[in-house]
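Since the structure comes first, as structure tokens, the remarks are kept for the end.
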Amino acid sequence: MSVAAYQSTGSRVLRALFGWLVVGVFFFPIYYWFSIAFRPESQVFTKPPLVFGWDFTAKSFEEVFGISFGGEQAATSLAGGGNFFMTPYLIDTVIVAVGSTALVIVIATLASYALSRMRIRGQHHFVFWILSTRMMPPVAIAIPMFFIYKEIGLMDTHLGIILVHALMNLPLAVLLLKSFFDDIPQEIDEAALIDGASRWTIFRRIVLPMAIGGIAATAVLCFIFSWTEFLFVLTLTQTGLKTIPVVSSTFVTSTGTAWGKMAALGVGAMVPAFIFILLVQKNLVRGLTMGGLKQ
Amino acid sequence: MVERSALAAVVPTEAHPTGSTEARGSFIAAPRALLSDSAWPWLAPVVSLLVVFALFPFFYNVWLSFQEFVPRERALEFVGTDNWVKLFGDARMWGALGITLLYTGVCLIVQVALGLGIALLLDSDDPGFGILRGVLTLTLVIPPAITGMMFLLLEDAQYGVITWMLQGLGFFETGSILGNANTALAGVMLADIWQWTPFMVLIFLAGLRAMPTEPFESAVIDGASSWQIFRRLTLPMLGRVMAIAVLLRGIDLFRTFDYVFVMTSGGPGTATYTLSLYAWQQTFSFINWGYGAAISLFSLFVILIVANVFVAATRLRW
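Here the protein sequences come in this chain order: W and F.
For the record, in the first sequence the residue sitting at position 170 is 565 according to the numbering used here, with numbers rising by one throughout.
For the record, in the second sequence the residue sitting at position 124 is 1050 according to the numbering used here, with numbers rising by one throughout.
The structure is reproduced here in structure tokens:
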């Protein structure tokens, strides 16, 4: 809902200008990071800093991802020696983020529907309890998990990280999904119940399609949280897998930080996540405007 | 349509070997437990995951907080309430709690205020605003650990763009943002605010866009000013969404780890020591596992109390 429709052309232009300005300020660090990824290492530290007018080179990018954009042969060794292609880690990150998002969305959708429609005794406290599982400092979850994972063999596996990320996102997903389900009028359910439909049928055929936008919005947030999570992956993996936030620390060495490579990794890691957002974008917009259903 | 599929759900599909694929349902046959009116089968997966992965760590930490790792024996030893006694007399812990509360409070206020302002600004159907909303979400995609590195570079004492700009504007002549005990926390907050304000914008926009149009139309027709519409209509209608956003963000801010870990490691001195970082350091640097667990539990209790007060004050009911 926007009141903008009733405003004069002048104030609408002003609003657009101001909007671009504000978003521009927020975009600036990303632009600068992007420029670091595509400039020679010698231009990272200049005085004053080079915001514009840097020389373009894809060298850092080629080195980090082990791909060549033609031209000169990309050198592939890092200070520590050996190859350091990031592509396998990018794939690990995608597997973990997609897996944990799928898991959390399936179980949280079921739970939030029940919480929205079939109230349980002490529901308020039950929901607060779910929320409270997000309140523990991450270190305090990582250590017990480390010991159980060693026992049951989930240490250093994709499944282990998927489970712990699903757990981490569960409170957020349940809270958001429940509020989206609450937005759908109860009358629809009641009419279908009278017609003899089961709860599952109502959920599957009526409520789920109507809430798809909200589910998409929740999925995007869960994906982002899993995509960017650092501490659990750091403590619960050794060599089996690594995700982007954790491998980025390998560019910080005792002899200095490989800024160009780190920026290239950061930029490269934005691409799959942004593709995921674009894929659900159509549903996202619908989710954000879904309240039109409300009376 | 509804009735037919309801029937398909009740009658096992094997009874209809010639039944149409439509009758089988589109992707999952109805699980029997989910046909009735009981909520628990629906909640079972969530509850079982939480019992295994959330209750166990909690009780493990409670147990661990009464133990301590003895390096000589390479084993845990029961120490009674030593860790808890130590906790309440530990000046560094209280300092870390103060810094965590300051960090949470300032970031939360700035993120809510900026988030609300930007959400109102971008809540328009004019051309270009869709792109603006999309671009703004880009900040969320970057892992906080990498954001920390990014701001480390931007706030570099000699070559950082932000330092250079602030010096150009005359805020300070020399010295670094993160190297100075007075400004280091603000430097870390800047990264947090930059990354998470768009999260608030996203949630507030969802709330704004979900509002019915009629009250606003009649308010405009009745000649209400923009401020009146905002104060009397938008803000009350956004209340619940805002409360949930503040709660979720507040919890995450209180446990903040990545930015301080990457950018300052708590320094200079103890200027940016948060509780999460202190618990991490006690656990991994000093190998005081028991004491680390006690700090974590203490931190959990503080958030629980604050969150309960907040939920009661905002009359949030689930």
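The beta-carbon is built from N, C-alpha and C at its ideal position, and this holds for glycine as well.
Given residue i, which residues of its chain have a CB within under 6 Å of its CB, disregarding the five upstream and five downstream residues?
i	result
W:W622	A492, A668
W:L445	Q438
F:V978	none
W:A664	I639
W:A658	W428, I431, A432
W:S472	Because the pLDDT at W:S472 is just 44, under 50, the model does not fix this residue reliably, and the point stays unresolved.
W:S495	I557, H560, A561, S621
W:M481	V459, F460, L660
F:A1205	G1218, I1221, S1222
W:I500	A614
Listing by chain order, which chain F residues have their CB less than 7 Å from the CB of residue i?
i	result
W:P424	M1076, L1080, W1120
W:P483	Those within 7 Å of W:P483 in chain F number zero; the least Cβ separation is about 17 Å.
W:D578	A1136
W:L549	Within chain F, no residue comes near W:L549; the closest Cβ sits about 11 Å away, beyond 7 Å.
Can you find the residues in the same chain that come closer than 8 Å, C-beta to C-beta, to residue i, ignoring five residues on each side of it along the sequence?
i	result
W:T452	F433, R434, P435
F:L1131	A1045, L1048, D1049, R1059
F:P1053	none
F:V1036	M1115, I1119, T1123
F:L1095	none
Please check if any C-beta of chain W sits within less than 7 Å of the C-beta of residue i.
i	result
F:N1214	no
F:S1202	yes
F:P971	yes
F:R1243	yes
F:L1047	yes
F:N1184	First, the amino acid is wrong: residue 1184 of chain F is Asp here, not Asn. Interface residue, yes.
F:L976	yes
F:A965	yes
F:I1245	Since the displayed chain F opens at 927 and closes at 1244, residue 1245 of chain F lies outside it and no answer follows.
F:A1205	yes
F:W1020	no
F:W968	yes
F:F1236	no
Looking only at its chain, what residues have a beta carbon closer than 7 Å to the beta carbon of residue i, apart from the 5 residues adjacent to it on each side?
i	result
F:A1169	T1240, L1242
F:G1074	A1117, D1184, Y1185, V1188, M1189
F:L1062	P1124, V1127
W:Y484	K637, T638, I639, V642
Who are the neighbours of residue i on chain W, taking C-beta pairs under 8 Å?
i	result
F:G1086	P444
F:A1017	Here the premise fails: no neighbours, minimum Cβ distance about 20 Å.
F:G1192	Ordered by position in chain W, no residue passes the 8 Å Cβ test against F:G1192, which lies about 14 Å from the chain.
F:A1219	A535, I538
If we cut at 7 Å on Cβ distances, does residue i have a partner in chain F?
i	result
W:A509	yes
W:R434	no
W:L603	no
W:W449	no
W:H519	yes
W:T623	yes
W:S495	no
W:R407	yes
Residues of chain W with CB under 7 Å from residue i, in chain order?
i	result
F:R1157	Per Cβ cutoff of 7 Å: no residues; F:R1157 is ~13 Å from chain W at best.
F:T960	First, the amino acid is wrong: residue 960 of chain F is Leu here, not Thr. The answer, in chain order, is R594, W595.
F:I1044	V417
F:T1209	V534, I538
At a cut-off of 6 Å, would you count residue i as near the ligand NAP, judging by its Cβ distance to the nearest heavy atom?
i	result
F:N987	No copy of the ligand NAP occurs in the structure displayed, which carries no ligand at all.
Would you mind telling me which residues of chain F sit closer than 9 Å to residue i, beta carbon to beta carbon, in chain order?
i	result
W:M531	A980, P983, F984, N987, R1181, S1222, L1223, S1225, L1226, I1229
W:G661	I1068, P1069, I1072, T1073, M1075, M1076
W:T441	Y1085
W:V569	V972
W:G555	Near W:G555 there are no residues of chain F at all, since even the closest Cβ is about 11 Å away, more than 9 Å.
Evaluate residue i with the Cβ neighbour count: other Cβ atoms within 10 Å of its Cβ, from every protein chain shown; 16 or more gives buried, anything less gives exposed.
i	result
F:I1213	exposed
F:Q1208	buried
W:L409	exposed
F:L887	The requested residue 887 of chain F is not part of the displayed model; chain F covers only 927 to 1244.
W:V417	buried
W:P566	buried
F:A1108	Note that residue 1108 of chain F is Asn in the sequence shown here, rather than Ala. F:N1108 is exposed by the Cβ-count criterion.
W:K442	exposed
W:N564	buried
F:T1007	exposed
Which chain W residues are close to residue i, counting only those with a beta carbon under 9 Å from its beta carbon?
i	result
F:A1233	F523, L526, S527, M530
F:A1112	The contacting residues do not exist; F:A1112 stays about 16 Å from chain W at best.
Check the Cβ of residue i against every Cβ in chain F and list those closer than 8 Å, keeping chain order.
i	result
W:F669	L1064, V1067
- Task: Decide if the stretch 575-595 of chain W is in contact with the stretch 504-513 of chain W; the criterion is three or more beta carbon pairs, one per stretch, under 8 Å apart.
- Result: yes
- Message: Whether or not the stretch 1013-1025 of chain F and the stretch 1146-1156 of chain F are in contact is what I'm after, with contact meaning three or more pairs of Cβ atoms, one per stretch, closer than 8 Å; do they touch?
- Response: no
- Message: Taking contact to mean 3 or more Cβ pairs, one atom from each stretch, closer than 8 Å, check whether the stretch 1152-1164 of chain F and the stretch 1197-1205 of chain F are in contact.
- Response: no
- Item | Contact the stretch 559-575 of chain W vs the stretch 528-537 of chain W: 3+ CB pairs below 8 Å | yes
- Does the stretch 1170-1184 of chain F come within contact of the stretch 1224-1233 of chain F, defined as at least 3 CB pairs closer than 8 Å? yes
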